[in-house]
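Trainee: In our numbering, the protein residues as written are 197 to 459.
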């Protein structure tokens, strides 16, 4: 795991987008794992600008989103399919048939999850998986006690997660689903490269546990400590509780990969 601390959230999301842009330019047919959330809106905004102003080409890539709410139709304004269409897919030249988001209304969830795993394998595996971090330490919707070897499946959402996402449902907790479909922790860990972006003071305590604490199914994001190619990009507010900050800053100055990224 390598960590970059940026002075602001804007710098963190811009750098995250640059890493994705570099990956897409190096391998135009890459399979990208994508995420949703307020932080990702800024990341996708940067990618849209790179497409419009610098010719970033999405035409050959394939995308697979981490998760979707169960019981929410793809056409619903609350669905992650609608979110992705609005913030990225409709604004760049990615073919819609090359974009994949779990179907929250699938009649056979187990079959859908197995097919989703197969589609990722058939695409050659995820070349880069973009991640956010939940306030309880989840990645995707892999809530506490998710097996670190878990695959795409239907899960029950933590009450904290439902409260955290109430803003997407008109601030009405009763509208927030109790279940979701998510890539598993093991599925995420299979990506050749993982890229997590974390911003804001509300994530500082859990980020420190993810980076510095033990690997545990109680905090699914701690699996990233075991990933051979994981980059974590954070802002100052999110980095506030990191005790290993001096070494992180040392690496930012001397690690060849990080020096090139920050040049």
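Glycine included, each C-beta is placed from N, C-alpha and C at the ideal position.
Just verifying my parser: in three-state terms, what is the DSSP assignment at residue 364?
Mentor: Counting from one through the chain shown, the residue named residue 364 turns up at place 168. Three-state DSSP puts residue 364 in a helix.
Trainee: Would you grab the beta carbon distance between residue 434 and residue 396 for me? Rounded to a whole angstrom, and I think it's under 8 Å.
Mentor: Working through the chain shown from its first residue, we reach residue 434 at position 238. Working through the chain shown from its first residue, we reach residue 396 at position 200. Going by Cβ atoms, the distance from residue 434 to residue 396 rounds to 6 Å, so yes, they are a contact pair.
Trainee: Report the option in 371, 231, 450 whose CA atom is closest to the CA atom of residue 267.
Mentor: Translated into positions along the chain shown, residue 267 becomes position 71. Nearest of 371, 231, 450 to residue 267, Cα basis: 371.
Trainee: Do the segment 220 to 233 and the segment 308 to 324 meet, that is, are 3 or more Cβ pairs less than 8 Å apart?
Mentor: yes
Trainee: Going by DSSP, name the residue or residues bridged to residue 229.
Mentor: Here residue 229 corresponds to residue number 33 of the chain shown, with the count starting at 1. In DSSP, residue 229 forms a bridge with 260, 325.
Trainee: If the criterion is Cβ atoms closer than 8 Å, does the pair residue 213 and residue 247 meet it?
Mentor: Taking the first residue of the chain shown as position 1, residue 213 is located at position 17. Taking the first residue of the chain shown as position 1, residue 247 is located at position 51. Not in contact: residue 213 and residue 247 (Cβ atoms no closer than 8 Å).
Trainee: Closer than 8 Å by C-beta to residue 269: which residues in its own chain qualify, once you throw out the five before and the five after it? Chain order, please.
Mentor: Within the chain shown, residue 269 is the residue found at index 73, counting from 1. Excluding sequence neighbours, residue 269 sits near 275, 300, 301.
Trainee: Might you give, ordered along the chain, the residues of its own chain that have their beta carbon closer than 7 Å to the beta carbon of residue 399, omitting 5 neighbours on each side?
Mentor: Translated into the one-based positions of the chain shown, residue 399 becomes position 203. 329, 331, 434.
Trainee: Beta-carbon separation of residue 208 and residue 335 under 8 Å?
Mentor: Within the chain shown, numbered from 1, the residue matching residue 208 stands at position 12. Within the chain shown, numbered from 1, the residue matching residue 335 stands at position 139. Taking 8 Å as the Cβ cut-off, residue 208 and residue 335 do not qualify as a contacting pair.
Trainee: Here's the rule I'm using: 16 or more other beta-carbon atoms within 10 Å means buried, otherwise exposed. How should residue 383 be labelled?
Mentor: For this step, residue 383 is matched to residue 187 along the chain shown. Counting Cβ neighbours within 10 Å, residue 383 comes out buried, since at least 16 surround it.
Trainee: For residue 387 and residue 381, I'd like the C-alpha separation in whole angstroms.
Mentor: Within the chain shown, the letter at position 191 stands for residue 387. Within the chain shown, the letter at position 185 stands for residue 381. Straight-line Cα distance between these residues: approximately 11 Å.
Trainee: Taking the Cβ atom as the reference point for each residue, do residue 411 and residue 422 lie within a distance shorter than 8 Å?
Mentor: Position 215 of the chain shown, counted from the start, is the residue given in the question as residue 411. Position 226 of the chain shown, counted from the start, is the residue given in the question as residue 422. The answer is yes: Cβ separation under 8 Å.
Trainee: Mind pulling the alpha helix (DSSP H) runs of 4 or more residues that sit fully within the segment 328 to 386?
Mentor: 355 to 360, 381 to 385
Trainee: Going by DSSP in three states, residue 415 sits in which element: helix, strand or coil?
Mentor: The count along the chain shown starts at 1 and reaches residue 415 at position 219. The three-state reading of DSSP puts residue 415 in strand, counting E and B together.
Trainee: Would you list, in sequence order, the uninterrupted alpha helix (DSSP H) runs of no fewer than 4 residues that lie entirely inside the segment 262 to 310?
Mentor: Listed in chain order, the complete alpha helix (DSSP H) runs (minimum 4 residues) inside the segment 262 to 310 are 276 to 283.
Trainee: For my contact list, residue 283 and residue 237 are in at a C-beta cut-off of 8 Å; report their separation, rounded to the angstrom.
Mentor: As a working mapping, residue 283 is identified with position 87 in the chain shown. As a working mapping, residue 237 is identified with position 41 in the chain shown. Yes, residue 283 and residue 237 are in contact; Cβ-Cβ is about 6 Å, under 8 Å.
Trainee: Among the candidates 444, 378, 450, whose CA atom is the shortest distance from the CA of residue 305?
Mentor: Reading the chain shown from its first residue, position 109 is the one you call residue 305. Per the Cα distances, 378.
Trainee: Quick one: Cα of residue 309 to Cα of residue 298, how far?
Mentor: As a first step, residue 309 is located in the chain shown; it is residue number 113 there, counting from the start. As a first step, residue 298 is located in the chain shown; it is residue number 102 there, counting from the start. The alpha-carbon atoms of residue 309 and residue 298 are separated by roughly 8 Å.
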